[in-house]
Amino acid sequence: MKKILFPFFLTLLILLLPPALFAGGSIRVASTTSTRNSGLLEYLLPLFKANSGIDVHILAVGTGAALKLGQKGDVDAVLVHAEDLEKQLVDEGYFIDRQEVMYNDFVILGPTDDPAGIKNIHSVVAAFTKIRTLQANFASRGDNSGTNMRENRIWATTGKMPSRKDKWYLSTGQGQAKCIRIAAEKRAYTITDRGTWLSIKDRGNLDLAVVLEGDPSLFNQYGVMIVNPAKHKYVDYQLAMNFVIWLTSAEGQKAIGEFTDSHGNTLFTPNAR
Amino acid sequence: MIGFHAKNIRKSFGGRIVLDLDLHFSGTGIHIILGSNGCGKSTLLKLLAGLIQPDKGKIVPQPGQGAPVLVPKPDGLFNSSVYKNVAYGLKIHKISGMARSERIDDVLQAVSLTHLQKSNALTLSSGEKQRLCMAMALAVQPDVILLDEPTSSLDPHNAAQLEQIILQMRQGEMMVILVTHNISQAKRLADTVTFMNSDTQAAQYSSEAFFKTFDRDGLDGYI
Amino acid sequence: MLIDTLSRAMLLIVHCDKDLLEIVFLSLRVTCTSIFIATLFGLSIALLLEILQVPGKAIAVSFLNTLTGLPPVVVGLVLYMLFSRTGPLGFLDLLYSPSAMIIAQTVLATPIVAALSHASIRAGGKCVRETAMGLGATKFQALVAVFVDARYAIMAAVAAAFGRVVAEVGAVLLVGGNIAHHTRVMTTAIAMEADKGDFELAIALGIILLSLSFMVNIIFYFSQHKGEKK
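Protein chains in written order, with numbering that gives the first Met the number 0: chain A, 0 to 272; chain W, 0 to 222; chain H, 0 to 229.
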């Protein structure tokens, strides 16, 4: 009996042991689904690895979830686009060494025939107010993502948040691409990052178009920051710092600016200082 | 001389005393344990086989005697070929190679199952299954062979075929202990009779003595 | 448009798209490893249930049968909380690794192997054991005979467990994190690609997953068939 048990447990140990022991170093970075879906990370990370030998494991979740992961110390760094919240968490001591990396923008989509007449409005706050007044359908991410947070900030500026009783307000709880599709089906307005819209607009006969863009409130800044090692001792500060340095370096910034999606669109503008 | 002394055996199940006896079995030949259903005869057989232990007392075999073999029941056959079923006992007793294959062939022939040796044991008819069970036990060539109501589920033709095989074992210098409730079968096969009534007691007789006594008094009243 | 997507999906399969293969191999590695471990543990449990004669046995068997229906996402959640850096087992650094996924799938598969094996062992075990011991086998040899006799039922149990875990997404998503080139398996990839609206890869993976399930089910069917008595 004992002759079987020992090799059995040895095999078990070998099978289960994290291969992190054998790698050239790796870090875990939490980012957002829209960032992952844009394809930027699949493009950048091999370049970073060639430069530093470091593997970056990306956990793509909602912005809120990504920041929570950082606060809990389950990742080494985060790359999100929620500027106010990021700065707040740095002040609270959860993160350090925050750097601005790149930006893109949000756009408001609506049915091509624009039933609520948003196209000629330039202020997004005015547009949202009109949507609410007319009770036009609006599809929200409803998932605590960066886009969702931006949407909520705009609603807050209109003076009133949508409530559960508002039947025109559809809280989908879904990712960006799905949410856009739902908006198309329900002839609803919605807010999205430009990158996701560019990547799916030519597919599947979506009856949607950009109805509003360019408002400064729709500017979307991406920031990277390291989980505070003083709070979580497992954080690999050195390797994470390598990542931050590279992203903000001339080489990293150039790569970000050169990245295009499959349709040839440039999705991000590098703006590290 | 081959034999057992079932010495001062006491066995209970769930608070009820099933056996309370002291018996001797000796000599080659066919020893019948006869009794009605529920009188404990299967329990006695299992005790002799060593499958269960008595609460009190001991089963004492004659010194130097080989372990008894209990003929399997048809519902306990293995889900593989007839050949492999017979081979099992030999595997347990570490008989292999030529000796093994020869014994299997001989024993399959003795029970007329050679033509079915590759068939799956579970696909056999009840008569064939019972013969296979006999073959499995005989292959081991035991000193003592134990049978528990081997013909109870067989039609008269198959039962007769099986009894012929059992009678042949008498010539093979084996001790056969067979449990049954069938008086006529007992009459046909017995050298000795151990008669168990429902009072957990047992009395032992030679065959002639038993049938002379009980023919007179009428067995039907007892069984 | 559906045909178009389907044909592009088939092309991905035929040309052995690199990403596709990576995902499929990881899925197989994770599931096969966990089924291997689950079979060892599951059969041991079935064995213990067979030889232990304690009063609480009926309750234990009922409990085991309940465990076969564990919702994968709940298992994922519990393990996530255990393996998180802030959790009690955080020091093992298991979260978001293939090892965590293997553990999750093992937890799901073991009760299935144990319960299904035990059921068929219990059905025929007593008779087979008596046959073996009557012929002179030791208790241990008789136990081996019981397991060998139940081999087809055991194969069916293992196939059932495999089919269940290879198709689940809740547990591996929560403890694995669907990290590209690291913990992305067929089910998590399908969910993600469909969410992104990229259906080719999702459908290609779906076809492979279905084929795999189909093959395993064929094995399951034939094992059951051979194991049927009378």
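Cβ atoms here follow ideal geometry from the backbone N, Cα and C, with glycine treated the same way.
Note that this is a predicted model, so its numbers are computed, not measured.
Any C-beta of chain H under 8 Å from that of residue i
{"i": "Val175 (chain W)", "result": "no"}
{"i": "Glu184 (chain A)", "result": "no"}
{"i": "Arg193 (chain A)", "result": "no"}
{"i": "Glu91 (chain A)", "result": "no"}
{"i": "Phe21 (chain A)", "result": "The pLDDT assigned to Phe21 (chain A) is 48, lower than 50, so where the model puts this residue is not dependable; a value taken from the coordinates is nonetheless given after this. Answer no: the Cβ-Cβ gap between Phe21 (chain A) and chain H never drops below 8 Å."}
{"i": "Ile199 (chain A)", "result": "yes"}
{"i": "Arg202 (chain A)", "result": "yes"}
{"i": "Lys177 (chain A)", "result": "yes"}
{"i": "Pro149 (chain W)", "result": "no"}
{"i": "Arg27 (chain A)", "result": "yes"}
{"i": "Arg180 (chain A)", "result": "yes"}
{"i": "Tyr87 (chain W)", "result": "yes"}
{"i": "Leu50 (chain W)", "result": "yes"}
{"i": "Gly145 (chain A)", "result": "no"}
Residue i classed as buried or exposed, judged by whether at least 16 other C-beta atoms fall within 10 angstroms
{"i": "Ile130 (chain A)", "result": "buried"}
{"i": "Ile36 (chain H)", "result": "buried"}
{"i": "Phe82 (chain H)", "result": "buried"}
{"i": "Thr105 (chain H)", "result": "buried"}
{"i": "Ser26 (chain W)", "result": "Strictly speaking, residue 26 (chain W) in this sequence is Gly, with Ser absent from that position. When all chains shown are included, Gly26 (chain W) counts as exposed."}
{"i": "Arg183 (chain H)", "result": "buried"}
{"i": "Pro73 (chain W)", "result": "buried"}
{"i": "Arg163 (chain A)", "result": "exposed"}
{"i": "Lys56 (chain H)", "result": "exposed"}
{"i": "Ser73 (chain A)", "result": "Correcting the residue identity first, residue 73 (chain A) is Asp in this sequence and not Ser. Label assigned to Asp73 (chain A): buried."}
{"i": "Ala19 (chain A)", "result": "For Ala19 (chain A), the pLDDT reaches just 47, beneath the cut-off of 50, and the residue's location in the model is therefore unreliable, although a value from the coordinates is still provided. By the neighbour-count rule (16 or more Cβ atoms within 10 Å), Ala19 (chain A) is not buried but exposed."}
{"i": "Phe127 (chain A)", "result": "buried"}
{"i": "Ile57 (chain A)", "result": "buried"}
{"i": "Asn219 (chain A)", "result": "buried"}
{"i": "Arg202 (chain A)", "result": "exposed"}
{"i": "His156 (chain W)", "result": "exposed"}
{"i": "Gln87 (chain A)", "result": "exposed"}
{"i": "Phe244 (chain H)", "result": "As displayed, chain H neither begins before 0 nor continues past 229, which places residue 244 (chain H) out of reach and without an answer."}
Minimum Cβ-Cβ distance from residue i to chain W less than 8 Å
{"i": "Met132 (chain H)", "result": "yes"}
{"i": "Cys126 (chain H)", "result": "yes"}
{"i": "Ala136 (chain H)", "result": "yes"}
{"i": "Asp3 (chain H)", "result": "no"}
{"i": "Glu129 (chain H)", "result": "yes"}
{"i": "Gln52 (chain H)", "result": "no"}
{"i": "Gln140 (chain H)", "result": "yes"}
Opening and closing residue of the alpha helix (DSSP H) in which residue i lies
{"i": "Asn219 (chain A)", "result": "Per DSSP, Asn219 (chain A) belongs to no alpha helix (DSSP H); it is in the beta strand (DSSP E), 218-226."}
{"i": "Thr145 (chain A)", "result": "In the sequence on display, residue 145 (chain A) carries Gly and not Thr. From DSSP, the alpha helix (DSSP H) with Gly145 (chain A) extends over 145-157."}
{"i": "Met279 (chain W)", "result": "The structure shown does not extend to residue 279 (chain W), since chain W is modelled only from 0 to 222, so the question has no answer here."}
{"i": "Tyr204 (chain W)", "result": "No alpha helix (DSSP H) holds Tyr204 (chain W); the beta strand (DSSP E) holding it covers 201-205."}
{"i": "Asp18 (chain H)", "result": "17-50"}
{"i": "Gly34 (chain W)", "result": "That residue, Gly34 (chain W), is in no alpha helix (DSSP H); its beta strand (DSSP E) goes 28-34."}
Contacts that residue i makes with chain W (C-beta to C-beta distance below 9 Å)
{"i": "Val13 (chain H)", "result": "None at all; the shortest Cβ gap to chain W is about 42 Å."}
Beta-carbon neighbours of residue i, restricted to chain H and to distances below 9 Å
{"i": "Tyr233 (chain A)", "result": "Arg84, Gly89, Phe90, Asp92"}
{"i": "Lys72 (chain W)", "result": "Cys126, Glu129, Thr130, Gly133"}
Closer than 8 Å to chain A by CB, residue i
{"i": "Gly41 (chain H)", "result": "no"}
{"i": "Tyr151 (chain H)", "result": "no"}
{"i": "Tyr95 (chain H)", "result": "yes"}
Where residue i meets chain H, residues with beta-carbon distance less than 8 Å
{"i": "Gly174 (chain A)", "result": "Asp194, Lys195"}
{"i": "His92 (chain W)", "result": "Gly135"}
{"i": "Val68 (chain W)", "result": "Gly133, Leu134, Gly135"}
Beta-carbon neighbours of residue i, restricted to chain A and to distances below 9 Å
{"i": "Ala179 (chain H)", "result": "Arg35, Leu40, Glu41, Leu44, His56, Ile57, Ala59"}
Residue i Cβ short of 7 Å to the ligand GDP heavy atom set
{"i": "Glu148 (chain W)", "result": "You won't find the ligand GDP in this model; it holds no ligand whatsoever."}
Residue span of the beta strand (DSSP E) that contains residue i, given as start and end
{"i": "Tyr188 (chain A)", "result": "188-192"}
{"i": "Cys4 (chain W)", "result": "Contrary to the premise, residue 4 (chain W) reads as His rather than Cys in this sequence. 2-12 is the extent of the beta strand (DSSP E) around His4 (chain W)."}
{"i": "Thr179 (chain W)", "result": "174-179"}
{"i": "Phe24 (chain W)", "result": "15-25"}
{"i": "His114 (chain W)", "result": "Looking at the DSSP string, His114 (chain W) is not in any beta strand (DSSP E), and its letter there is neither H nor E."}
{"i": "Lys57 (chain W)", "result": "55-60"}
{"i": "Phe29 (chain A)", "result": "Before going further, note that residue 29 (chain A) is Ala rather than Phe in the sequence given. 25-31 is the span of the beta strand (DSSP E), which, as asked, contains Ala29 (chain A)."}
Proximal chain H residues relative to residue i, where beta-carbon distance stays under 7 Å
{"i": "Gly72 (chain A)", "result": "Arg84, Thr85"}
{"i": "Met135 (chain W)", "result": "Leu134"}
Proximal chain W residues relative to residue i, where beta-carbon distance stays under 7 Å
{"i": "Asp148 (chain H)", "result": "Phe77, Asn78"}
{"i": "Gln223 (chain H)", "result": "Neighbours of Gln223 (chain H) on chain W: none; closest Cβ ~12 Å, over 7 Å."}
Chain-ordered chain A contacts of residue i [CB-CB under 7 Å]
{"i": "Gly176 (chain H)", "result": "Leu58"}
Short CB-CB distance (under 8 Å) between residue i and chain D
{"i": "Val139 (chain W)", "result": "Looking for chain D here will not work: the only protein chains present are A, W and H."}
4-residue-minimum alpha helix (DSSP H) runs that sit fully inside the segment 98-183 of chain A, ordered along the chain: 123-133, 145-157
Where in the segment 150-198 of chain H do unbroken runs of the alpha helix (DSSP H), each at least 4 residues long, occur, reported from the N-terminal end onward? 150-165, 169-175, 185-195
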